[in-house]
Amino acid sequence: MFALILLYHITAISRCASTELSDNFPLYITILILITN
0 MFALILLYHI
10 TAISRCASTE
20 LSDNFPLYIT
30 ILILITN
């Protein structure tokens, strides 16, 4: 599960041009931090 989410983050980062990504990126980072902790 973690690997899947990590892969999603990498994919999202590579699509920084997306407006939706730009708006939600802090949320994705927060979720990633919560999972790793």
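Quick note: the sequence shown uses numbering that gives the first Met the number 0, first residue 0, plus one each step. All residues carry an ideal CB built from backbone N, CA and C; glycine is no exception. Predicted model only: the values in this text are computed from it and were never measured.
Tell me whether residue 23 sits in a helix, a strand or coil according to DSSP, three-state version. Correct three-state label for residue 23: helix.
Mind reading off the beta-carbon distance from residue 37 to residue 4? Whole number of angstroms is fine, and I expect it under 8 angstroms. The question about residue 37 has no answer here: the residues shown for the chain are numbered 0 through 36.
Using a Cβ-Cβ cutoff of less than 8 angstroms, which residues in the same chain neighbour residue 24 once the five nearest sequence positions on both sides are dropped? Counting only Cβ-Cβ distances below 8 angstroms, and skipping sequence neighbours, we find 11.
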